[in-house]
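Here it is as structure tokens:
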């Protein structure tokens, strides 16, 4: 069933055309992402569909019985009701049905009522309607939604007006989900959500009965949720089938094909023009030349394919290389006002690593990297830095920026020896051109401040970058440029991010922070999630095994045969233990072999013919360094397996 159609929809604000000839169709259970550069009109289109904005030309077709629910960006609830009472307003229609049921029950208590049969019939019908519409489970639904959106520990009598902006936005989302419209329109629904809440929301939306139309900068979220992508760009709408990653692949293929077609046509045009020019004046060939000219005139010219509007363009370089050991954190405790956020934290960084620091909100991730960046003094423990380590720190709060300076001054004052034209070139790479460089920092948007902070970070040329939520406030294009720059970065990375797509692309290791330890996972975010699930399964199996043993002891029936399920569990445990042992043995074998290689190469370096040959000695030294790095990595894996 078609829920919505946009046909040649256009919208302008004054002389600025925001939307032009937009084509969009939503059918039942569609999951559609709307993507495009900042300013392409995504939020405007959502508001038009939700009925909050008018459109200039075209048609918006929505069947009368289709219900639409809309969550605007950062739109929180404004009410003096409690959390529970506000959520209950979604079900006012069920409460009215319930009141009618109670009245009919009163009438049914008198069997002598002249309309008794009709009352019974009406009661049966009304009770069925009440059940079908969720009358017996809506309170459970409210609790489930509030729990999923991280309100499980709240007093439900808390006034909504006393909550923070982010909490009000989460409640608005919860209220919308409870209403279960045919079409759910979400503008940046992942703002203010931590990773656990995001995971819950993804699972909820995956099984949602209605259709979903969403705008989001969270690419991991889009990959999990959507099956279609509409791109708004250059007053055109492009439709792609698949999730966000598939959209990127298909878009790249489309642009490549269009470029080939454009270049082929350009070659054809040049060939025809050359023929006309050479033959138009000759009597014997003038007719053929005129024919070619007509062919040129009738040709529908293709425009040169272009990707989106300008995006940032930069790369991170280093002044000089650090030693192999970059950082060692020992038994660290950090906090504020005498209280500890965490303690006993140990962390090691080696050159070239890209380490993601993750954990629940409030655990102290930002505090830890502030301490490592020398912005905060530890309460206990030590932080040791390797040789030649220089730190570049990116603060998500942008406290490193001076609010009353211009953009140009902000960068130039830090690097006064650099020529103004070079400073302007750097700022131009971060989309500050012309009079933009004279803007006051305080007047910049969140995205502009983020780009300016990245420009300062790039100029520092540090070999250890410590980043706190670097993708906040960046649009998708800027995120991808940042990722590409960091992937090519020759130094070491330590970062905090809620952007799971970013973590997946960047991390070679994930460190999970808790109040009393830091746990290492040697892989990206998907690997971390898989290992966490595996550990949970192990805990369940161990608990079940312990419970089974306890049960056997209580009943004194050691001769009782195992059930099939118990046998399968034990079989699975033994299988996993064998796999773990094999992995340990393989790692030990690899480490032993690599140590033999190192020993052999070091012997060769003692040979005068070798160490006097600069190229050979350099090659051997590099091989030794690479082998040592491999051994360090394998040892960490070995230690993790031993702990498990």
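Numbering (our numbering), first residue to last: 12 to 655.
Note that the Cβ used here is the ideal one computed from N, Cα and C, for glycine as well.
Relative to residue 369, the option among 520, 254, 270 and 306 whose CA is nearest is 520. One thing to note: residue 133 has its Cβ within 8 Å of the Cβ of residue 115. Each residue's CA atom was taken as its position, placing residue 113 and residue 123 some 18 Å apart. A Cβ-Cβ distance of about 49 Å is found for the pair residue 347 and residue 35, leaving them out of contact under the 8 Å criterion. Close CB contacts of residue 417 within its chain, under the 8 Å cut and outside five residues either way in sequence, are with 448, 449, 450, 451 and 452 (chain order). Residue 442 is not a Cβ neighbour of residue 419, given a cutoff of 8 Å.
Secondary structure at residue 495: helix, using DSSP grouped into helix, strand and coil. Look at residue 93 here: in three-state DSSP terms it is strand. Checking the DSSP bridge columns, you'll see residue 247 partnered with 244. Around the beta-carbon of residue 24, fewer than 16 other beta-carbon atoms lie within 10 Å, marking it exposed. An exposed status is given to residue 18, since fewer than 16 other beta-carbon atoms sit within 10 Å of its beta-carbon. 8 Å or more divides the Cβ of residue 200 from the Cβ of residue 270. Between the beta-carbon of residue 43 and that of residue 233 there is about 10 Å, and that puts the pair past the 8 Å contact cut. Residue 437: member of the alpha helix (DSSP H) spanning 431 to 440, first to last residue. Contact check for residue 400 and residue 337: beta-carbon distance about 6 Å, within the 8 Å limit, so the pair qualifies. The continuous beta strand (DSSP E) containing residue 353 extends over residues 350 to 361. DSSP places residue 417 outside any beta strand (DSSP E), giving it a letter other than H or E.
Counting the other Cβ atoms within 10 Å of the Cβ of residue 236 gives 16 or more, which makes it buried. Listed in chain order, the beta strand (DSSP E) runs fully inside the region 481 to 553 are 503 to 507, 520 to 524 and 529 to 532, counting runs of at least 3 residues. Residue pairing by DSSP places residue 393 opposite 341 in a beta bridge.
A residue is called buried when at least 16 other Cβ atoms come within 10 angstroms of its Cβ; residue 469 meets this threshold and is buried.
Here residue 173 is exposed. Its C-beta has fewer than 16 other C-beta atoms within 10 Å. A residue is called buried when at least 16 other Cβ atoms come within 10 angstroms of its Cβ; residue 532 meets this threshold and is buried.
Beta-bridge partners assigned by DSSP to residue 36: 16. A Cβ-Cβ contact shorter than 8 Å links residue 67 with residue 21.
Close CB contacts of residue 621 within its chain, under the 8 Å cut and outside five residues either way in sequence, are with 615, 627, 628 and 631 (chain order). The three-state secondary structure of residue 180, taken from DSSP, is helix. For residue 42, the enclosing beta strand (DSSP E) begins and ends at 42 to 46. For the pair residue 193 and residue 55, the CB atoms are not nearer than the 8 Å cut-off. Within 10 angstroms of the beta-carbon of residue 607 lie fewer than 16 other beta-carbons, which makes it exposed.
Rounded to whole angstroms, the separation of the alpha carbons of residue 332 and residue 617 is 26 Å.
Residue 356 is a Cβ neighbour of residue 528, given a cutoff of 8 Å. Between residue 161 and residue 100 the beta-carbon gap is near 21 Å, outside 8 Å, which marks them as no contact. DSSP, reduced to helix, strand and coil, places residue 285 within a helical segment of the structure shown.
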